[in-house]
Amino acid sequence: MIDVHSHIVFDVDDGPKTLEESLDLIGESYAQGVRKIVSTSHRRKGMFETPEDKIFANFSKVKAEAEELYPDLTIYYGGELYYTSDIVEKLEKNLIPRMHNTQFALIEFSARTSWKEIHSGLSNVLRAGVTPIVAHIERYDALEENADRVREIINMGCYTQVNSSHVLKPKLFGDKDKVRKKRVRFFLEKNLVHMVASDMHNLGPRPPFMKDAYEIVKKNYGSKRAKNLFIENPKTLLENQYL
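Residue numbers (my numbering): 861 to 1103.
1. Mark SER974 as exposed unless 16 or more other C-beta atoms lie within 10 angstroms of its C-beta, in which case mark it buried.
2. Quick check on ASP1035: does DSSP put it in helix, strand or coil?
3. Less than 8 Å separating the beta-carbons of VAL1022 and ILE997?
4. Of all the options LYS896, LYS1087, ARG972, which has the alpha carbon lying nearest to the alpha carbon of ILE1076?
5. Just checking my contact of ARG1040 with ARG999 at CB under 8 Å: how many whole Å lie between their CB atoms?
6. Does the structure place the segment 1010 to 1025 close enough to the segment 1041 to 1060 that three or more beta carbon pairs sit under 8 Å?
7. Does SER901 come out as helix, strand or coil in the three-state DSSP assignment?
8. VAL948 and ALA988: beta carbons closer than 8 Å?
9. Is the beta carbon of ILE1091 sitting closer than 8 Å to the one on LEU1052?
10. The beta strand (DSSP E) with VAL994 in it runs from where to where?
11. Under 8 Å, with one C-beta from each stretch per pair, do the segment 865 to 877 and the segment 1041 to 1048 reach the 3-pair mark?
12. Measuring only the C-alpha atoms, how far is VAL894 from ASN961?
13. Between which two residues does the beta strand (DSSP E) containing SER983 stretch?
14. Take GLU928 as the anchor and find which of TYR890, LEU955, GLY939 has the nearest alpha-carbon.
15. Mind checking GLY906: buried by the 16 CB within 10 Å criterion, or exposed?
16. From the DSSP output, which residues share a beta bridge with PHE964?
17. Under the rule that 16 or more other beta-carbon atoms within 10 Å means buried, what is SER838, buried or exposed?
18. Residues bridged to GLN892 by DSSP?
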C-alpha cells in the first residue's frame, strides 16, 4: 500500500516526539503492508511553524534509518498545508513542499471553514498551477452529506482523501469519530474518494489503521476499488500523472 498522508517526522509538529517514536510508527505501518509513505508534516501559520530546514533535516534522519531497517520501503517528502492567504505565494516560490516534487499538494482546512472559503482557496491553489489533494474531506462540516459540493471540487481538478481511521466501523458507544465515519461511508458510496491514507501521528490514539481499512473497503466495495484507493491512485500521483 501507499500512504500519502502521514506525520512520521519527530519533533516538528504533533506527531512523534523522538526518532525512536518515528521508527516505531513506521514499523507498525510497514507491518500493515505499507511500502511507500509520504511524510506530510503540518505547515500551519500560528500553530505549526517549525522552520523548513529543521523539518527536512529530521525527515532525512527518519528516511535514512527507516529505509535501512526496511529495504523495500520508500519514504517521500511532502507536507500537509493548511490553507491561508499566503500559501499560494509560498507554493510558487517553493518555500513549502508539494508531494515528492510533483504538481500535487496536500491541502487542509479547518472543520468549520465555510464552503465559500474552501472553494475559493482550492481555486487559488489551482490557478497557481498546483493540483490540490484535499485532506480528510470527512472533517469539513461544509461538505457533510453534500455530494454536489464534493463533486464540484473534483470537477475543478482536485483529488480527495479520507482517513483510514474513519473507514472503520463506528463503535456502539462513545465513538467520538462516529460522525466522520458516517461521512466517509457516504463519500465512498457516492464514489467521491480518490485515496485512503492514514494521517497517522502516533501508536496511541492515531495509529495507521491501513490494513483494517483496506479489508473493509475490499469487503464492501470490491478488491479493485480497494486497490485503486490504497495503491493505484496514490502511485499515479507520485509519478506526477493525473488520474
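Each residue gets a CB set at the ideal place from its N, CA and C atoms; glycine is no exception.
This is what the structure holds:
1. SER974 is exposed by the Cβ-count criterion.
2. Here ASP1035 sits in coil by DSSP.
3. At a Cβ-Cβ threshold of 8 Å, VAL1022 and ILE997 count as neighbours.
4. The residue from LYS896, LYS1087, ARG972 with its alpha-carbon nearest to that of ILE1076 is LYS1087.
5. A Cβ-Cβ separation of about 6 Å places ARG1040 in contact with ARG999 under the 8 Å criterion.
6. A contact exists between the segment 1041 to 1060 and the segment 1010 to 1025.
7. Coil, per DSSP.
8. The answer is yes: Cβ separation under 8 Å.
9. By the CB criterion at 8 Å, ILE1091 and LEU1052 fall outside the cutoff.
10. Run containing VAL994: 991 to 994, per the beta strand (DSSP E) assignment.
11. No, the segment 865 to 877 does not touch the segment 1041 to 1048.
12. Going by the C-alpha atoms only, they are around 21 Å apart.
13. Careful: SER983 lies outside any beta strand (DSSP E), inside the alpha helix (DSSP H) at 975 to 987.
14. Each of TYR890, LEU955, GLY939 was checked against the Cα of GLU928, and the nearest Cα belongs to TYR890.
15. Exposed is the call here.
16. Per DSSP, THR991.
17. Residue 838 cannot be examined here, being either before or after the span of the chain that is shown, 861 to 1103.
18. Bridge partners of GLN892: none, in fact.
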